[in-house]
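Worksheet for the structure shown next.
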Amino acid sequence: MAIYSYTVNAGCPLEDTLAEFFPWCTEWSGELRRLFQAYVAEKQQDNVLDYDDLLLYWRHAMAEPGVAAEMRQRFDHVLVDEYQDTNRLQAEILMALRPDGSRLTVVGDDARSIYSFRAAAVRNILDFPHSVSPPAAVIALERNYRSTQPILDAANAVIAGAGERFAKTLYSTKQSAELPYLVGAEDEAAQTSYIADHVLEHREAGITLNRQAVLFRAAHHSDLLEIELGRRNIPFVKYGGLKFLEAAHVKDVLAILRWAENPRDAVAGLRALQLHPGIGPATARDIIDRHSREGFATTALAHFTPPAAASVPWPEFCHVIERLRDAGTPWSGQIGLLREWYQPQLERLYDYAAARAGDLDQLEQIAVGYVTRERFLTELTLDPPAASGAEAGRPQLDEDYLILSTIHSAKGQEWDVVFVLNLVDGCIPSDMATGRPEQIDEERRLLYVAMTRAREHLHLLQPLRFYLTQQHRHGRAHVMAPRSRFLPEELLGLFTRRTQAPHGAVDTMPSRPAASVDIHVHLRDMWS
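Residue numbers (our numbering): 3 to 530.
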């Protein structure tokens, strides 16, 4: 699905997608092409669209002169936010809406374009001024209302190294004498110790845990930190994982509602049917086929003789489907009706049924705000809530917790205190994203986004060595970690330098480049 989605949104040949992002799949291009053709045929047969189709069909509609003219006449102005995160398909739609660029404004920050893996193209915003005639006016918004000036000075210096960008220098009226910290930690254990110590230190200074965040390039980078936080009883919540609509129990309920709304939706029907004990994919497919042959009549379900294991829930399920498809059944209360049947299935299929039921309570509350089931299903799919009760742990009495987040999930957020893990080459930039200059530039922008999440205090951490895996628990084999290429020697004067030893001692060094040379020589001598 990732290969298919990227190919559609980037508007590129399948072979280019495979070579660029999925090189381990290049030998399967023929099979993938047949798979995608079958997928498209299945969607058309079931009368459904996926996310990518919403854009693809829109673009094709704009290729019809009559339809395009009608769409253009509907809008006096077209305003686009976050334009740096758009893909090629979206850019083509936009230019079809306003071919001459009149009454068109896009807002975005090329320095925050970090989603190329979703087919977002930074070229859209970089090339926009000259994509219309006469060229668009460029207005730089340089005042920053979030961060202190020393933090912005460091972030400006980092992004200045990008290969291509709109030149701008962020400034703030929030002055501070505190420079951001660049912390050389002896190893990953020292890094986690530093964070835990200073999280508590900031809390003692009056900054609650939920106003502090730890950011990282990849989700697994926080593994050791999570252990350390647990050992010290510091509550935390981690973002960048399962979302509300990805929770299995939420998918179950929505599948039944979607099947009631569109009886041709075989994907939803297959999921709904397999909630019954004893009904697997083959039996579910037979029911779907029979249901289709009889014109999607509910009686086709009622006349089906289910396996013995499903004989108890089956009659009530047929009754629920019949009620849901009855135009006379009011939308209000439909989820409650469905949940009466689903609750025993929830308890049979999943652990932590009580926590999962909380998500269904939330789903029922959300439904109250919509006048029809069709509008509810559409809006929930396009703009889903983020929380999932199935992931929640025991609530903290003070309801205060530290935020752990991938940098990608942190975009748009801000905290008083931000810690950024693993400022070493191989982590930032990721060793999987250094093949081309464009990839390295995006990794640079990723660090820029992380740094500019901080309001008052910023800590960048650089472990100086990483221990090798698969060695004796007392083994000391390790590799040295070079500082991230995005923090060259000439930028170090913008930081206060610190070192962190495994036992937790912190040494603050003068913020001048010569100090970093002394530190590295000293540690190399010590380790040798």
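Think of the CB as a built atom: it goes at the ideal place given N, C-alpha and C, for glycine as much as any other residue.
Of the residues the options, the one placed nearest residue i, counting alpha carbons only
{"i": "residue 160", "options": "459, 481, 484, 442", "result": "442"}
{"i": "residue 227", "options": "157, 255, 239, 194", "result": "194"}
{"i": "residue 405", "options": "215, 361, 363", "result": "215"}
{"i": "residue 431", "options": "205, 483, 64", "result": "483"}
{"i": "residue 78", "options": "465, 103, 274, 68", "result": "103"}
{"i": "residue 170", "options": "365, 314, 145", "result": "145"}
{"i": "residue 450", "options": "12, 90, 149", "result": "149"}
{"i": "residue 254", "options": "272, 266, 163, 142", "result": "272"}
{"i": "residue 2", "options": "69, 112, 125", "result": "Residue 2 is absent from the model: the chain starts at 3 and stops at 530."}
{"i": "residue 459", "options": "314, 205, 49", "result": "205"}
{"i": "residue 502", "options": "489, 485, 463, 495", "result": "463"}
{"i": "residue 364", "options": "120, 219, 30, 382", "result": "382"}
{"i": "residue 236", "options": "265, 207, 197, 221", "result": "197"}
{"i": "residue 407", "options": "16, 99, 218", "result": "218"}
{"i": "residue 213", "options": "202, 23, 222, 292", "result": "202"}
{"i": "residue 110", "options": "289, 320, 122", "result": "122"}
{"i": "residue 284", "options": "485, 308, 351, 296", "result": "308"}
{"i": "residue 47", "options": "303, 487, 267", "result": "267"}
{"i": "residue 136", "options": "101, 153, 112", "result": "101"}
{"i": "residue 191", "options": "139, 230, 342", "result": "230"}
{"i": "residue 88", "options": "66, 63, 120, 74", "result": "120"}
{"i": "residue 36", "options": "233, 16, 117", "result": "16"}
{"i": "residue 468", "options": "489, 428, 496, 491", "result": "428"}
{"i": "residue 94", "options": "351, 127, 156, 115", "result": "127"}
{"i": "residue 420", "options": "426, 457, 222", "result": "457"}
{"i": "residue 270", "options": "290, 32, 296, 342", "result": "290"}
{"i": "residue 278", "options": "347, 288, 248", "result": "347"}
{"i": "residue 302", "options": "317, 310, 312, 311", "result": "317"}
{"i": "residue 23", "options": "6, 39, 38", "result": "6"}
{"i": "residue 488", "options": "496, 445, 465", "result": "445"}
{"i": "residue 297", "options": "10, 313, 264", "result": "264"}
{"i": "residue 85", "options": "76, 75, 97", "result": "97"}
Three-state secondary structure (DSSP) of residue i
{"i": "residue 9", "result": "helix"}
{"i": "residue 461", "result": "strand"}
{"i": "residue 173", "result": "strand"}
{"i": "residue 160", "result": "helix"}
{"i": "residue 416", "result": "coil"}
{"i": "residue 121", "result": "coil"}
{"i": "residue 338", "result": "helix"}
{"i": "residue 115", "result": "coil"}
{"i": "residue 358", "result": "helix"}
{"i": "residue 447", "result": "helix"}
{"i": "residue 145", "result": "strand"}
{"i": "residue 138", "result": "coil"}
{"i": "residue 126", "result": "helix"}
{"i": "residue 495", "result": "helix"}
{"i": "residue 168", "result": "coil"}
{"i": "residue 456", "result": "strand"}
{"i": "residue 422", "result": "strand"}
{"i": "residue 258", "result": "helix"}
{"i": "residue 247", "result": "helix"}
Strand pairing of residue i, partner residues [DSSP]
{"i": "residue 482", "result": "467"}
{"i": "residue 107", "result": "81"}
{"i": "residue 405", "result": "215, 239"}
{"i": "residue 310", "result": "Bridge partners of residue 310: none, in fact."}
{"i": "residue 432", "result": "428"}
Residue-chain proximity (residue i, chain D), Cβ-Cβ < 7 Å
{"i": "residue 427", "result": "Looking at the structure shown, chain D is missing, and only one protein chain is on hand."}
Report task. Run through the stretch 205–236 for me and flag every whole beta strand (DSSP E) of 3 or more residues, listed as ranges in chain order. Result -> Entirely contained in the stretch 205–236, the beta strand (DSSP E) runs reaching 3 residues are, in chain order, 214–218.
Report task. Jot down the residue ranges of each uninterrupted alpha helix (DSSP H) in the stretch 10–82, minimum 4 residues, whole runs only, in chain order. Result -> 16–23, 31–48, 53–64, 67–75
Query - Complete runs of the beta strand (DSSP E) confined to the stretch 261–304 [at least 3 residues] - result: none
Requested in this report: Count the C-beta pairs between the stretch 179–191 and the stretch 353–373 that are closer than 8 Å, then say yes if the count reaches three, no if not.
Outcome: no
Query raised in the report: On the three-pair Cβ rule with 8 Å, is the stretch 322–331 touching the stretch 353–364?
Result: no
Query raised in the report: Can you find at least 3 beta carbon pairs, one from the stretch 256–276 and one from the stretch 234–241, that sit closer than 8 Å?
Result: no
**Report entry** Touching by the beta-carbon criterion (3+ pairs, under 8 Å), the stretch 105–118 and the stretch 62–71
**Finding:** no
Query - Meets three-Cβ-pair contact criterion under 8 Å: the stretch 423–437 and the stretch 127–143 - result: Contact between the stretch 423–437 and the stretch 127–143 is absent, because fewer than three Cβ pairs lie under 8 Å.
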